[in-house]
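Student: Line by line, the protein sequences are chains A and B. Under numbering that gives the first Met the number 0, think of the first position of the first sequence as 0, with each following residue one higher. Under numbering that gives the first Met the number 0, think of the first position of the second sequence as 0, with each following residue one higher.
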Amino acid sequence: MSGSVTGGSVTGGTFTDGRPPREASGAGAVAISVAAVSKSRGAVRVLDDVSLAAAEGTVTAIVGASGSGKSTLLRCLNGLETFEAGGIAIAGHRLGPGPQPPQALERLRRDVGMVFQQFNLFPQLSTVDNVALAPRLVLGLSAAEARARGLELLERVGLGAHVRALPATLSGGQQQRVAIARALAMRPRVLLFDEPTSALDPAMAAEVTEVIVELARAGQTMVVVTHDHALAGRAASQVVELTAGRVAGRMPAAAGA
Amino acid sequence: MIAQVGGMRRRAVGAIILAAVVAAAAPAAELDTVVARGELVWAADQEGGGPHVFPDPESPDRLTGFEVELADLLATELGVKPRFQQGQWDRLPLLLGRSADCVINGFELTPQRRRDYRCSRPYFAYGLQLVARRDGPVDGFERMASAGARGAWRVGVLTGSAAEIAMRERTDLEVEVIGYDGTIDSLEQLRGGVLDAAVMDDCIFTFYADRFATLRAVGRPFAGGYYTVLTAPDTPRLAAAIDAAIGRLVADGRLKALFDRWDLAGRQQVLMLRDAAEIPAASRRGLADLARETLPLLLTAAGMTVLLSCLAFPLAVAVGLAVAVGRMYGPPAIRGLLTGYVEVLRGTPLLLQLYAIFFLLPKVGLALPAVVAAILGLALNYSAYESEIYRAGLRAVPPGQLEAGLALGLSKWQVVRHVLVPQAVRIVMPPVTSDFIALFKDTSVCSAITVVELTKRYSVLALSTGRIVELAVVTALLYLCMSWPLSLLSRWFERRLEQPADGAAEGGSQ
Numbered sequence: 000m001s002g003s004v005t006g007g008s009v010t011g012g013t014f015t016d017g018r019p020p021r022e023a024s025g026a027g028a029v030a031i032s033v034a035a036v037s038k039s040r041g042a043v044r045v046l047d048d049v050s051l052a053a054a055e056g057t058v059t060a061i062v063g064a065s066g067s068g069k070s071t072l073l074r075c076l077n078g079l080e081t082f083e084a085g086g087i088a089i090a091g092h093r094l095g096p097g098p099q100p101p102q103a104l105e106r107l108r109r110d111v112g113m114v115f116q117q118f119n120l121f122p123q124l125s126t127v128d129n130v131a132l133a134p135r136l137v138l139g140l141s142a143a144e145a146r147a148r149g150l151e152l153l154e155r156v157g158l159g160a161h162v163r164a165l166p167a168t169l170s171g172g173q174q175q176r177v178a179i180a181r182a183l184a185m186r187p188r189v190l191l192f193d194e195p196t197s198a199l200d201p202a203m204a205a206e207v208t209e210v211i212v213e214l215a216r217a218g219q220t221m222v223v224v225t226h227d228h229a230l231a232g233r234a235a236s237q238v239v240e241l242t243a244g245r246v247a248g249r250m251p252a253a254a255g256a
Numbered sequence: 000m001i002a003q004v005g006g007m008r009r010r011a012v013g014a015i016i017l018a019a020v021v022a023a024a025a026p027a028a029e030l031d032t033v034v035a036r037g038e039l040v041w042a043a044d045q046e047g048g049g050p051h052v053f054p055d056p057e058s059p060d061r062l063t064g065f066e067v068e069l070a071d072l073l074a075t076e077l078g079v080k081p082r083f084q085q086g087q088w089d090r091l092p093l094l095l096g097r098s099a100d101c102v103i104n105g106f107e108l109t110p111q112r113r114r115d116y117r118c119s120r121p122y123f124a125y126g127l128q129l130v131a132r133r134d135g136p137v138d139g140f141e142r143m144a145s146a147g148a149r150g151a152w153r154v155g156v157l158t159g160s161a162a163e164i165a166m167r168e169r170t171d172l173e174v175e176v177i178g179y180d181g182t183i184d185s186l187e188q189l190r191g192g193v194l195d196a197a198v199m200d201d202c203i204f205t206f207y208a209d210r211f212a213t214l215r216a217v218g219r220p221f222a223g224g225y226y227t228v229l230t231a232p233d234t235p236r237l238a239a240a241i242d243a244a245i246g247r248l249v250a251d252g253r254l255k256a257l258f259d260r261w262d263l264a265g266r267q268q269v270l271m272l273r274d275a276a277e278i279p280a281a282s283r284r285g286l287a288d289l290a291r292e293t294l295p296l297l298l299t300a301a302g303m304t305v306l307l308s309c310l311a312f313p314l315a316v317a318v319g320l321a322v323a324v325g326r327m328y329g330p331p332a333i334r335g336l337l338t339g340y341v342e343v344l345r346g347t348p349l350l351l352q353l354y355a356i357f358f359l360l361p362k363v364g365l366a367l368p369a370v371v372a373a374i375l376g377l378a379l380n381y382s383a384y385e386s387e388i389y390r391a392g393l394r395a396v397p398p399g400q401l402e403a404g405l406a407l408g409l410s411k412w413q414v415v416r417h418v419l420v421p422q423a424v425r426i427v428m429p430p431v432t433s434d435f436i437a438l439f440k441d442t443s444v445c446s447a448i449t450v451v452e453l454t455k456r457y458s459v460l461a462l463s464t465g466r467i468v469e470l471a472v473v474t475a476l477l478y479l480c481m482s483w484p485l486s487l488l489s490r491w492f493e494r495r496l497e498q499p500a501d502g503a504a505e506g507g508s509q
């Protein structure tokens with residue numbers, strides 16, 4: 000699990016999990032398309048003409064050294080960051096350069112969930128309330144429906160025994176699994192992961208990896224920014240490597256296996 | 000009346016206790032001390048107005064009034080120079096023996112004052128005058144025997160004056176007697192429609208009748224009495240010297256000339272002063288009687304203190320939170336506006352804000368009852384402080400929380416409402432709690448706008464019974480009995496907020 004990608008290359012032999020991506024609705028349809036996206040921060044070109052595409056039901060791993068722009072790219076996918084040139088189509092929504100209207104972003108984010116490196120659970124809410132909040136507020140589910148969905152998802156990530164716990168009382172691995180359940184509660188078409196295992200020790204990272212692999216098997220479209228070889232190797236259908244804001248390599252891993 | 004604000008002070012019970020203790024400990028300056036010093040320090044309230052003691056309209060740094068001239072004459076008779084000492088009218092006697100040798104400011108000769116201080120022979124005869132609006136319904140006391148269209152008739156008086164005592168004894172009338180710190184305040188509020196009538200010494204209304212042309216004296220003075228110079232109980236020789244001096248001023252015509260200069264009917268005054276009858280001193284109540292008479296009044300006033308804090312603080316918190324959220328997340332124009340709101344309310348004294356709400360709003364047609372004005376003033380003032388606390392709390396929430404909420408598809412305002420505010424509220428619970436206790440004690444400032452809360456009631460009772468120290472102890476105990484449960488309550492609230500916000504708050508769990 001020590002496999003941070005330092006040299007910018009991922010060996011092909013890593014991706015050996017020979018399952019075919021399960022075809023969800025719109026089998027093979029393009030879920031994500033990033034076209035020539037560029038972004039600068041001051042004089043630094045954070046993203047430089049980045050393009051990629053991902054089909055429904057596939058897992059895209061984005062790898063690269065720290066500062067290569069991989070997290071920035073991910074955060075552009077759900078509009079947490081703006082970009083200056085290019086375009087993004089994701090889950091049927093479009094993002095152009097510059098600030099986007101808040102309502103458009105809200106609609107997009109209903110279909111595009113995100114899991115953060117630092118979990119970002121709501122500390123004042125129990126785990127089940129963390130999961131149930133957005134379905135209730137955004138999808139308009141009743142409190143009972145939202146809670147039922149929360150309980151089911153917590154069960155699915157192996158935390159059925161901790162539904163009333165406050166996040167602070169859980170281990171990092173448990174918190175990250177709650178965060179995944181929280182994102183899944185919106186039934187997103189695409190799920191984004193920003194270094195989901197980097198803040199975790201190896202045993203906890205393994206717990207989280209298991210959940211992500213499980214999701215991949217179930218056909219969830221995902222984009223995972225990671226340093227973690229094991230995670231990328233076990234879950235990814237394609238690997239995109241960024242170096243200094245540019246796409247430095249692509250690996251259509253496990254494509255035909 | 001804004002000029003009064005400067006002289007107003009917060010009335011902390013502690014300060015009153017201190018005053019009482021100091022007064023009891025240090026002997027008052029006797030005649031020989033005064034002569035050796037070469038100064039007679041006389042106390043009055045220049046905000047009380049004319050014709051007694053008031054700033055000269057032509058040169059406002061100079062005092063004028065018939066009592067200023069009387070003080071000059073008395074000092075000259077004692078062979079010393081007069082020196083003026085400012086104080087709030089109903090508490091002037093507390094200065095005796097501390098920073099003043101005598102009080103010369105329209106203090107009526109009453110049995111209570113005979114009991115608690117040395118009272119000189121009368122120097123002026125006053126009558127109590129009912130004043131009403133020319134176009135108002137009040138045309139005499141008969142009218143006030145039954146309630147008017149707005150309920151009990153609202154009658155303004157000077158707190159602690161003979162007018163107040165007289166009106167509170169009139170059980171035959173359907174009146175609500177409202178005590179003001181200055182007679183001019185009651186005239187302003189009568190003119191503005193807040194009051195239905197006012198009762199004051201006739202010479203005061205005669206003096207101000209032109210300024211308040213829409214008001215009129217109703218009937219002739221219905222009662223009256225005499226002004227006296229107060230001195231400390233342990234200064235018999237000073238008191239005797241002042242008595243003798245007044246006697247000489249009456250006898251040789253200087254007092255008549257003085258009153259004539261002030262258009263106060265000098266000959267009539269001198270005749271009345273010559274024939275003034277002795278007034279017996281009131282007897283001092285035993286402690287049991289004192290408790291029986293004062294405790295119900297103090298408890299009622301304590302109820303007002305609780306009412307003010309418990310209504311004002313939630314309002315302050317709600318407004319403060321809204322202001323903080325607006326400043327953090329609102330559009331730039333709103334942010335600027337709210338920053339101005341906070342700076343104005345934090346940068347001006349609570350007392351001034353209360354004055355503005357109570358005395359100035361009626362001028363633009365918005366006359367609020369004193370209790371409403373008090374709650375509003377306290378809430379607005381504290382909302383500025385609470386908003387700063389909440390702003391700090393919101394800033395203390397990690398930025399990842401906003402991103403996590405947005406990433407779930409929540410709108411910015413949903414994130415603020417359901418994610419950021421609940422966390423900020425928990426973070427700032429301790430300082431907010433301590434502000435609640437602070438507001439609780441600040442309610443005493445509201446007595447400046449006629450609200451009778453605990454400190455005001457104490458002050459009135461202490462002066463009328465002469466039991467300054469005993470009642471101060473009782474009052475302080477009452478404050479403690481109230482603030483301690485408040486502390487417990489907020490600590491309990493604090494603990495509760497540290498639990499998960501489940502159930503009703505977020506609707507997601509049982």
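By construction, the Cβ of each residue, glycine as well, lies at the ideal position given by its N, Cα and C atoms.
#1: Compare the C-beta of Gly-399 of chain B against all C-beta atoms of chain A and say whether one is closer than 8 Å.
#2: Got a sec? Which residues, its chain only, sit under 6 Å from Ala-369 of chain B by beta carbon, not counting five neighbours each side?
#3: Measure from the alpha carbon of Asp-134 of chain B to the alpha carbon of each residue in B:Ile-183, B:Lys-80, B:Gly-191 and B:Trp-483, then state which is nearest.
#4: Chain B beta carbons: is any one of them nearer than 8 Å to that of Leu-183 of chain A?
#5: Excluding the five sequence neighbours on either side, which residues of its own chain have a C-beta within less than 6 Å of the C-beta of Gly-244 of chain A, listed in chain order?
#6: Would you say Ile-61 of chain A and Val-222 of chain A are within 8 Å of each other, going by their C-beta atoms?
#7: Name the residue from A:Leu-183, A:Leu-136, A:Glu-105 and A:Gln-117 whose alpha carbon lies nearest to the alpha carbon of Leu-199 of chain A.
#8: Taking only three categories from DSSP, how would you classify Met-199 of chain B?
#9: Which runs of the beta strand (DSSP E), 3 residues or longer, sit entirely within the region 135 to 217 of chain A?
#10: Taking only beta-carbon positions, decide if Pro-421 of chain B is within less than 8 Å of chain A.
#11: For Phe-140 of chain B, which residues does DSSP report across the bridge?
#12: DSSP on Arg-576 of chain B, reduced to helix/strand/coil?
#13: Taking the alpha-carbon positions, what's the Arg-219 of chain B to Val-198 of chain B distance?
#14: How about the region 331 to 341 of chain B and the region 378 to 390 of chain B: do they share at least three Cβ pairs that are nearer than 8 Å?
#15: Starting from the beta carbon of Met-113 of chain A, find every residue of chain B whose beta carbon is closer than 7 Å, and list them in chain order.
#16: Mind the definition here: the region 271 to 280 of chain B touches the region 342 to 353 of chain B only if three or more C-beta pairs lie below 8 Å; say whether that holds.
#17: Whose C-alpha, out of A:Glu-154, A:Gly-95 and A:Pro-195, is nearest the C-alpha of Ser-37 of chain A?
#18: To which residues does DSSP link Lys-38 of chain A through a beta bridge?
#19: Which runs of the beta strand (DSSP E) spanning at least 3 residues fall entirely within the region 368 to 410 of chain B, listed in chain order?
#20: For chain B, find out if any of its Cβ atoms is closer than 8 Å to the Cβ of Gln-123 of chain A; answer yes or no.
#21: Of all Cβ atoms in chain B, is any one closer than 8 Å to the Cβ of Val-224 of chain A?
#22: Can you tell me whether Val-363 of chain B is buried or exposed? The criterion is at least 16 other CB atoms within 10 Å of its CB, across all chains shown.
#23: Please classify Lys-455 of chain B as buried or exposed, where buried requires at least 16 other C-beta atoms within 10 Å of its C-beta.
#24: Give me the Cβ distance between Ala-164 of chain A and Ser-125 of chain A, rounded to the nearest whole Å; I'm assuming they're in contact under 8 Å.
#25: Tell me whether Gly-6 of chain A sits in a helix, a strand or coil according to DSSP, three-state version.
#26: Helix, strand or coil: how does DSSP classify Val-237 of chain A here?
#27: Using a beta-carbon distance below 8 Å, is Leu-393 of chain B in contact with chain A?
#28: Roughly how many whole angstroms lie between the Cα atoms of Ala-287 of chain B and Trp-152 of chain B?
#29: Are there three or more Cβ pairs, one per stretch, closer than 8 Å when the region 88 to 96 of chain B is compared with the region 249 to 267 of chain B?
#30: If we define contact as Cβ-Cβ less than 8 Å, is Leu-199 of chain A a contact residue for chain B?
#31: By how many angstroms is the C-alpha of Ala-423 of chain B removed from the C-alpha of Tyr-389 of chain B?
#32: Name, please, each residue of chain A whose Cβ falls closer than 8 Å to the Cβ of Leu-214 of chain B.
#33: Compare the C-alpha of Val-111 of chain A against each of A:Leu-191, A:Val-238 and A:Ala-229 and name the closest.
#34: Among the candidates B:Phe-53, B:Asp-55, B:Asp-60 and B:Leu-95, whose CA atom is the shortest distance from the CA of Val-40 of chain B?
#35: Could you check if Leu-294 of chain B is buried or exposed, using at least 16 other CB atoms within 10 Å of its CB as the buried criterion?
#36: Using a beta-carbon distance below 8 Å, is Leu-409 of chain B in contact with chain A?
Tutor: According to the structure data:
#1: Interface criterion met: the Cβ of Gly-399 of chain B is under 8 Å from a Cβ in chain A.
#2: If we look at Ala-369 of chain B and ignore the five residues flanking it on each side, its Cβ neighbours are Ile-448, Thr-449 and Val-450.
#3: Here the closest residue by C-alpha is B:Gly-191.
#4: Residue-level contact by beta carbon fails for Leu-183 of chain A and chain B, as no gap is shorter than 8 Å.
#5: Same-chain partners within the cutoff: Arg-44, Val-45, Leu-46, Asp-47 and Gly-68.
#6: Result yes, Cβ atoms of Ile-61 of chain A and Val-222 of chain A sit closer than 8 Å.
#7: Leu-199 of chain A has its Cα closest to that of A:Gln-117, out of A:Leu-183, A:Leu-136, A:Glu-105 and A:Gln-117.
#8: Strand.
#9: Segments of the beta strand (DSSP E) lying fully in the region 135 to 217 of chain A: 189 to 193.
#10: So yes, Pro-421 of chain B belongs to the interface.
#11: Under DSSP, Phe-140 of chain B forms no beta bridge with any residue.
#12: Only positions 0 to 509 of chain B appear in the structure, and residue 576 of chain B is not among them; the question remains open.
#13: Those two C-alpha atoms are separated by around 12 Å.
#14: These segments touch.
#15: Near Met-113 of chain A (Cβ distances below 7 Å), the residues of chain B are Ala-406.
#16: Result no; under three Cβ-Cβ pairs closer than 8 Å.
#17: Residue A:Gly-95 holds the alpha-carbon nearest to the alpha-carbon of Ser-37 of chain A among A:Glu-154, A:Gly-95 and A:Pro-195.
#18: Lys-38 of chain A pairs with A:Leu-46.
#19: The region 368 to 410 of chain B contains no whole beta strand (DSSP E) run of 3 or more residues.
#20: Chain B contact via Cβ: present.
#21: By this cut-off, Val-224 of chain A is not an interface position.
#22: By the neighbour-count definition (other C-beta atoms within 10 Å, threshold 16), Val-363 of chain B is an exposed residue.
#23: In summary, Lys-455 of chain B is buried, with 16 or more beta-carbon neighbours lying within 10 Å of its beta-carbon over all protein chains present.
#24: That pair is a contact at about 6 Å.
#25: Residue confidence for Gly-6 of chain A is low, a pLDDT of 34 falling below 50, so the modelled location carries little weight and cannot support an answer.
#26: Residue identity differs from the one stated: residue 237 of chain A is Gln in this sequence, not Val. Secondary structure at Gln-237 of chain A: strand, using DSSP grouped into helix, strand and coil.
#27: At a cut-off of 8 Å between beta-carbon atoms, Leu-393 of chain B makes no contact with chain A.
#28: About 34 Å.
#29: Touching, no, given that fewer than three Cβ pairs across the two stretches are closer than 8 Å.
#30: So, not an interface residue.
#31: Those two C-alpha atoms are separated by around 7 Å.
#32: When 8 Å is used as the limit between beta carbons, Leu-214 of chain B is near no residue of chain A, the shortest such separation being about 59 Å.
#33: Nearest C-alpha to Val-111 of chain A: A:Leu-191.
#34: Of the listed residues, the one whose Cα sits closest to Val-40 of chain B is B:Leu-95.
#35: Exposed, by the Cβ-count rule.
#36: Taking Cβ atoms only, chain A reaches closer than 8 Å to Leu-409 of chain B, which makes this a yes.
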